[in-house]
Amino acid sequence: MSQPEYIATEHGRRLAYRRRDGAGPAVVFLHGLRSDMEGTKALHLDDWARTAGRAFVRFDCSGHGQSDGTFEDGCIGDWAEDARAILSEVTEGPVVLVGSSMGGWLALLMARAMPERVAGLVTIAAAPDFTEDGFWAEFTEDQKAEMEASGQVALPSEYGEPLVVTQRMIEDGRSHLVLRAPLDLPFPTRFLQGTADADVDVSVALRLLEHADGPDMRLTLVKGADHRFSEPAELATIVAAVEDVSGSGSGGK
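Printed below as a string of structure tokens:
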């Protein structure tokens, strides 16, 4: 596989990305926490884009994949800045945002910050506000004390090494919550959620659907799908959602 391209952001971070030229609106994939642009969903969308002749961009947030930085030094605000840099410097005109898990939160932040650039939005097991409603809300008193004493807590993870949650990640997350204030999504929006997701409960998807406001917004629940949402039928559901919002969306730079 060829080497990725890179951009240097105004915040001094070097980000890896891959871009496929094609028809618009360009589809931009935003990966999840401790994931990257080489995951199953990103690669499936890249293959779809190649076949369909669509423009497609995928990238690694700082501290992830082939981008520079250390994961433990990052936070939602940093990764949102990364996403905005990619949208501003790598894409032009309207885009369709596809956000997986944490990437769903980032996509919502981009939709709030630059709605004029968004032609459509698809989230997959979106995890908005997870630093507050997931990590912090579920910490034990001992974990909160450990956070205060050492500035971080290591959580066991089924995906590999323990997940280190830092005090900076928690505190920064509180500055980027999207479920506490009006969230206008004035473009076609599709939320996808598996009923067997052990990381993001169905209630999060329902809360997001109830909280957000938009003229064309739908939630699809897939019975038995887990957080990876990467089985063939689930990948087909993602593509169908992208095609759906692409056909009816509009936007401009």
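Residues 1 to 253 (full-length UniProt numbering) are what the sequence shown spells out, left to right.
Ideal placement from N, C-alpha and C gives every residue a C-beta, glycine not left out.
Please read these numbers as outputs of a predicted model, since none were measured by experiment.
Practice task
Would you kindly work out how many angstroms separate the C-alpha atoms of E148 and T189, rounded to a whole number?
Solution key: Position 148 of the sequence shown, counted from the start, is the residue given in the question as residue 148. Position 189 of the sequence shown, counted from the start, is the residue given in the question as residue 189. Distance between the alpha carbons of E148 and T189: 39 angstroms.
Exercise for the section: Check the DSSP bridge columns for D217 and list the partner residues they point to. Expected result: Numbered from 1 along the sequence shown, position 217 holds the residue referred to as residue 217. With the sequence shown as reference, residue 217 is identified as Met, and Asp is not the correct amino acid for it. Per DSSP, T189.
Handout entry: Of the residues L155, R34, A85 and W79, the one placed nearest G65, counting alpha carbons only
Key = In the sequence shown, counting from the first residue as 1, residue 65 sits at position 65. Comparing Cα positions, the closest option is R34.
Problem - Unbroken alpha helix (DSSP H) run spanning E89, endpoints - result: Reading the sequence shown from its first residue, position 89 is the one you call residue 89. I76 to V90 is the span of the alpha helix (DSSP H), which, as asked, contains E89.
Practice task
Since I believe V28 is in contact with L106 (beta carbons under 8 angstroms), could you give me their beta-carbon distance rounded to a whole number of angstroms?
Solution key: In the sequence shown, the residue the question calls residue 106 occupies position 106. In the sequence shown, the residue the question calls residue 28 occupies position 28. Actually they are not in contact, since the Cβ atoms of L106 and V28 sit about 10 angstroms apart, beyond 8 angstroms.
Problem - Local conformation of R18 per DSSP, three classes - result: Within the sequence shown, numbered from 1, the residue matching residue 18 stands at position 18. In the structure shown, R18 sits in a strand (DSSP, three-state: E or B).
Practice task
Leaving out five residues on either side along the sequence, give the residues of the same chain with a beta carbon under 8 angstroms from the beta carbon of S250.
Solution key: Numbered from its first residue, the sequence shown carries residue 250 at position 250. Residue confidence is low: S250 scores 36 on pLDDT, short of 50, so the model does not pin down where it sits. Its coordinate-derived value is still stated next. Taken in chain order, the residues that qualify are P94, A119 and F187.
Practice task
Identify, in the order they occur along the chain, each residue of the same chain with its Cβ nearer than 8 angstroms to the Cβ of P25, setting aside the five sequence neighbours on each side.
Solution key: By one-based count along the sequence shown, residue 25 stands at place 25. Result list for P25: A55, G93, P94, V95, V96, A119, G120, S246, G249 and G251, in chain order.
Exercise for the section: Out of P4, A52, H31 and A8, state which residue places its alpha-carbon closest to the alpha-carbon of residue 258. Expected result: Only positions 1 to 253 of the chain appear in the structure, and residue 258 is not among them; the question remains open.
Exercise for the section: Within 10 angstroms of the Cβ of A8, are there 16 or more other Cβ atoms? Answer buried if so, exposed if not. Expected result: Mapped onto the sequence shown, residue 8 falls at position 8. Exposed: under 16 other Cβ atoms inside 10 Å.
Exercise for the section: Could you work out which residue in F139, I86, K223 and K144 is closest to Y6 when comparing CA atoms only? Expected result: For this step, residue 6 is matched to residue 6 along the sequence shown. The shortest Cα separation from Y6 among F139, I86, K223 and K144 belongs to I86.
Exercise for the section: Excluding the 5 residues preceding and the 5 following K253 in the sequence, name in chain order all residues of the same chain whose CB lies nearer than 8 angstroms to its CB. Expected result: Start at 1 with the first residue of the sequence shown, and residue 253 comes out as number 253. Any reading at K253 must be qualified, since the residue scores a pLDDT of 31, below 50, and its modelled position is unreliable; the value itself is stated next. So the list reads E92, G93, P94, E116 and R117, once near-sequence residues are dropped.
Exercise for the section: Could you check what DSSP says for G252 in three-state terms: helix, strand or coil? Expected result: Taking the sequence shown and counting its residues from 1, the one referred to as residue 252 is at position 252. Annotation note: pLDDT 35 at G252 (below 50); position unreliable, no value reported.
Exercise for the section: Report the rounded CA-to-CA distance for A125 versus E38, giving the unit in angstroms. Expected result: By one-based count along the sequence shown, residue 125 stands at place 125. By one-based count along the sequence shown, residue 38 stands at place 38. The alpha-carbon atoms of A125 and E38 are separated by roughly 18 angstroms.
Handout entry: Spatial neighbours of P162 in its chain, beta-carbon cut-off 7 angstroms, leaving aside the 5 residues before and after
Key = Taking the sequence shown and counting its residues from 1, one reaches residue 162 at position 162. When the five nearest sequence neighbours on each side are left out, the beta carbons in the same chain lying within less than 7 angstroms of the beta carbon of P162 are those of A154, L155 and P156, in order along the chain.
Practice task
Go ahead and label Q3 buried or exposed: buried means 16 or more other beta carbons lie within 10 angstroms of its beta carbon, across all protein chains shown.
Solution key: As a working mapping, residue 3 is identified with position 3 in the sequence shown. Q3 is exposed by the Cβ-count criterion.
Practice task
Return yes when the C-beta of S230 is under 6 angstroms from any heavy atom of the ligand SAM, and no when it is not.
Solution key: In the structure on display, the ligand SAM does not appear, and there are no ligands present to speak of.
Handout entry: For G74 and R18, the rounded distance between their alpha carbons
Key = Counting from one through the sequence shown, the residue named residue 18 turns up at place 18. Counting from one through the sequence shown, the residue named residue 74 turns up at place 74. Taken atom to atom, the span from the alpha-carbon of R18 to that of G74 is near 21 angstroms.
Problem - Contact under 7 angstroms by Cβ, D82 with S62 - result: Your numbering for residue 82 matches position 82 in the sequence shown. Your numbering for residue 62 matches position 62 in the sequence shown. Yes, the Cβ-Cβ distance between D82 and S62 is below 7 angstroms.
Practice task
Pull up the distance between the alpha-carbon of A145 and that of D46, whole angstroms please.
Solution key: What you label residue 145 is simply residue 145 of the sequence shown in a count that begins at 1. What you label residue 46 is simply residue 46 of the sequence shown in a count that begins at 1. Each residue's Cα considered, the two are about 44 angstroms apart.
Handout entry: Identity of the residues DSSP links to residue 317 by a beta bridge
Key = Only positions 1 to 253 of the chain appear in the structure, and residue 317 is not among them; the question remains open.
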